[in-house]
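**Student:** So my numbering is basically just the index in the sequence shown, starting at one, shifted up by 504.
Below you will find the structure I want to go over with you.
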Amino acid sequence: MGKPYDHNYFFAGDMSSKGSMLCCHCNQPIFNHSQDWMSYKKSKSGDWAFYCFHRKCTRDQSGWEKIEKDCLKKEEQLRVAKEKFKGLAKDLGLMFDIELVEAAADAVGVDLADFY
């Protein structure tokens, strides 16, 4: 088979599955509801296969580290945005929860009617 490509990383609780769900390193089952795991594809002559690994069986953790770093960055951005929005809502006198929700939805272009 060729070089690995199309790497995918899954955290425990993600109910996705690929191929046989057996770790190619330790040959044990991967339980997607309770274990982090990753997969990639390899192909040769037009044929391809999934290769799956437990996170603990993966030597290179850089893919996981990048995802976790990105998640932390997004969480911090969201925290800062919430604080700014709370300050703005207070300055504008928005004091009822529905007014806050409507203002937030309008700011990001969401039509609340789609959720009723």
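The C-beta atom is built at its ideal place from N, Cα and C for all residues, glycine as well.
Here the structure is a predicted model, which means the values were calculated and not measured.
Under 8 Å between the Cβ atoms of Phe-554 and Ser-538?
**Tutor:** no
**Student:** How would you label Cys-556, buried or exposed, when you count the other beta carbons within 10 angstroms and need 16 or more for buried?
**Tutor:** buried
**Student:** If you follow the alpha helix (DSSP H) that Lys-553 is part of, which residue opens it and which one closes it?
**Tutor:** A quick correction: the sequence has Ala, not Lys, at residue 553. From DSSP, Ala-553 is part of no alpha helix (DSSP H) but of the beta strand (DSSP E) over 551-558.
**Student:** Whether or not the region 561-570 and the region 591-611 are in contact is what I'm after, with contact meaning three or more pairs of Cβ atoms, one per stretch, closer than 8 Å; do they touch?
**Tutor:** no
**Student:** Note down, in chain order, each residue of its chain lying with its Cβ closer than 6 Å to the Cβ of Asp-540, except the 5 sequence neighbours on either side.
**Tutor:** Phe-515, Ala-516, Arg-559
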